[in-house]
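Here's the structure we're looking at; comments come further down.
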Amino acid sequence: MDNARKKYIIANWKMNFTPGEASLYLNKLSNKIQPSRKLQIVLAPGMVSLQTLSLQVNRRQFKLAAQNCHWSDYGPYTGEVSLTQIRSFVDYVIIGHSERRYVFNESEKQIADKVSAAIRNGVTPILCIGETALDRKDGETNSAINSQLMNGLRQVSKEDIDKVIIAYEPVWAISSNKGAKPANPIDIIEAEQLIRKNLAKIYGKDIAEKVSILYGGSVNKDTAAGYLEIPGIDGLLVGNASLIADQFCAIVEIAKGVRNER
Ligand code: 13P
Numbered sequence: 001m002d003n004a005r006k007k008y009i010i011a012n013w014k015m016n017f018t019p020g021e022a023s024l025y026l027n028k029l030s031n032k033i034q035p036s037r038k039l040q041i042v043l044a045p046g047m048v049s050l051q052t053l054s055l056q057v058n059r060r061q062f063k064l065a066a067q068n069c070h071w072s073d074y075g076p077y078t079g080e081v082s083l084t085q086i087r088s089f090v091d092y093v094i095i096g097h098s099e100r101r102y103v104f105n106e107s108e109k110q111i112a113d114k115v116s117a118a119i120r121n122g123v124t125p126i127l128c129i130g131e132t133a134l135d136r137k138d139g140e141t142n143s144a145i146n147s148q149l150m151n152g153l154r155q156v157s158k159e160d161i162d163k164v165i166i167a168y169e170p171v172w173a174i175s176s177n178k179g180a181k182p183a184n185p186i187d188i189i190e191a192e193q194l195i196r197k198n199l200a201k202i203y204g205k206d207i208a209e210k211v212s213i214l215y216g217g218s219v220n221k222d223t224a225a226g227y228l229e230i231p232g233i234d235g236l237l238v239g240n241a242s243l244i245a246d247q248f249c250a251i252v253e254i255a256k257g258v259r260n261e262r
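If you count by my numbering, then the sequence shown holds residues 1 to 262, one letter each, in order.
What follows is the structure, given as structure tokens:
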């Protein structure tokens, strides 16, 4: 059953690249990366580049993701962008990234509503969850993971759960945080098992096995293989290293070669 799940490498470009730079970078990646049926490569540029890249991208090679969205489809929300406005550009949307939770104070309710908006608009939500350094220090890792998972999915039905991707991103491992340090594979094994156990409690074991779980703490070409080899981990959400073509292409090549079925 495990081997029926797709593998993903997702590039989170965060607030980097102008539309022109993003377009040149996509061109560079397009020339270096061969499409693969086994691996879905997804690029998440800034909102301002989505339209340009959607006209340029070969969707058999790369899919596009938004890094955020609003929970409504239309309305008086100055400065916001809804999935109804951009769903013709993207197939995926990153929701609940720790930079949104902790820098922009997004609430669990907003995150749950965004997940719902994604499903309603036919866009695959990539729900990011992960404990902070303080949670870990206080022995609250499991409860932080569980509460973000359960709250984020509270409007997702049994019929829709296999349309959701979960990205485990321990906040203390993400390079934008002071004192960040790479996660140990054992931490990721424990988190993946906990996430699947909780999915099984709500949706049943068979359905829980269908959900893709990615690792998205700091990853680079030297650490990618170790994370991709973890059974039950279906790919990576890459930040900084996705901004450097050689790093990103190397991670993609590693992912094409790794098998980690249980
Ligand atoms: P870094 O790879 O830069 O640590 O970022 C990880 C991340 O936030 C992916 O969404």
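Ideal Cβ positions, reconstructed from N, Cα and C, are used throughout, including at glycine. Bear in mind that the values here come from a model prediction, so they are computed numbers and not experimental data.
Would you check if the stretch 28-42 and the stretch 74-82 touch, i.e. whether three or more CB-CB distances between them fall below 8 Å?
-> no
Go ahead and pull the three-state DSSP assignment for residue 250.
-> Position 250 of the sequence shown, counted from the first residue, corresponds to residue 250. Of the three classes helix, strand and coil, the one that applies to residue 250 here is helix, per DSSP.
Take residue 36 and list the residues in its own chain whose beta-carbon comes closer than 7 Å to its own, dropping the five residues that flank it on each side.
-> For the purposes of this step, residue 36 is taken as the residue at position 36 of the sequence shown. If we look at residue 36 and ignore the five residues flanking it on each side, its Cβ neighbours are 256.
Are residue 112 and residue 69 closer than 8 Å when you measure CB to CB?
-> Position 112 of the sequence shown, counted from the start, is the residue given in the question as residue 112. Position 69 of the sequence shown, counted from the start, is the residue given in the question as residue 69. Their beta carbons are not under 8 Å apart, which means residue 112 does not touch residue 69 by this criterion.
Alpha carbon to alpha carbon, how far is residue 173 from residue 26? Give it in angstroms, no decimals.
-> By one-based count along the sequence shown, residue 26 stands at place 26. By one-based count along the sequence shown, residue 173 stands at place 173. Roughly 27 Å separates the two Cα atoms.
When the distance is taken between beta carbons, is residue 239 closer than 8 Å to residue 12?
-> In the sequence shown, residue 12 corresponds to position 12, counting from 1. In the sequence shown, residue 239 corresponds to position 239, counting from 1. Yes, Cβ-Cβ distance for residue 12 and residue 239 is below 8 Å.
Thinking C-beta only, is residue 236 closer than 8 Å to residue 9?
-> Reading the sequence shown from its first residue, position 9 is the one you call residue 9. Reading the sequence shown from its first residue, position 236 is the one you call residue 236. Yes.
Could you name the residues, in chain order, whose CB is less than 5 Å away from a heavy atom belonging to ligand 1?
-> 12, 174, 175, 216, 218, 237, 239, 240
Residue from 88, 71, 139, 219 with nearest C-alpha to residue 65 | Along the sequence shown, read from residue 1 onward, the residue named residue 65 stands at position 65. Among 88, 71, 139, 219, the Cα nearest to that of residue 65 is on 88.
Using 8 Å as the threshold, is the stretch 101-115 in touch with the stretch 149-167, meaning 3 or more CB pairs across them?
-> yes
In the DSSP assignment, find the alpha helix (DSSP H) that holds residue 224 and state where it starts and stops.
-> Here residue 224 corresponds to residue number 224 of the sequence shown, with the count starting at 1. Where residue 224 is concerned, the enclosing alpha helix (DSSP H) stretches over 224-228.
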